[in-house]
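S.K.:
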Amino acid sequence: MPRSRPFPGAEKGFLKGLGRLGDRVTLWPRWFVSWPELRHESDADFYRARADEAVAKHTTAATTPLKNGGVPPWTCVIPVRKYRAVGAGYVLRTAEARGWALRHDEWSDLPDELRLRRVPEEPDAAVS
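Counting from 12, one number per residue, gives the positions in the sequence shown under the numbering used here.
#1: Tell me R31's beta-bridge partners as DSSP assigns them.
#2: If you follow the alpha helix (DSSP H) that V88 is part of, which residue opens it and which one closes it?
#3: Report yes or no: do the segment 48-64 and the segment 109-123 share at least 3 C-beta pairs separated by less than 8 Å?
#4: Just how far apart, CA to CA, sit G98 and R92?
#5: Straight-line CA distance for S53 to P47?
#6: Leaving out five residues on either side along the sequence, give the residues of the same chain with a beta carbon under 8 Å from the beta carbon of A136.
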């Protein structure tokens, strides 16, 4: 006799919620792999999208003026969890296209994270 399930789709919802929880927690050990990462192991497109999203998030934060008149953040750290299947070089090329560069005041620990700084924009040559 086949076993009936009391709640159809409960497993899928549980696994989706578990994946969201894993993405929200930022202090996982370096060796830890969340459920979405495990499902997309060696899927370069998944990690490209995650790396692009991380760079876009930091770029938006750095280019949006703060309401209290403060200075937006000019540095950021992108953890290896966001780019592990595509490499730090991909993130650096993507970030450079959006106005970021490697930090020179702090070393990036490539097995763990990539530290970037915002490149100051060039003043307009027309304004003299």
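Glycine included, every Cβ here is placed at the ideal spot set by N, Cα and C.
Note that the coordinates shown come from a computational prediction; the quantities given were computed from them, not determined experimentally.
M.R.: Per the coordinate set shown:
#1: According to DSSP, which records beta bridges pairwise, R31 is partnered with nothing at all.
#2: V88 -> not in any alpha helix (DSSP H); beta strand (DSSP E) instead, spanning T86 to P90.
#3: No: the two stretches stay apart, fewer than three of their Cβ pairs being nearer than 8 Å.
#4: In a straight line, the C-alpha of G98 is about 10 Å away from that of R92.
#5: Here the alpha carbon of S53 sits roughly 12 Å from the alpha carbon of P47.
#6: Residue confidence for A136 is low, a pLDDT of 45 falling below 50, so the modelled location carries little weight and cannot support an answer.
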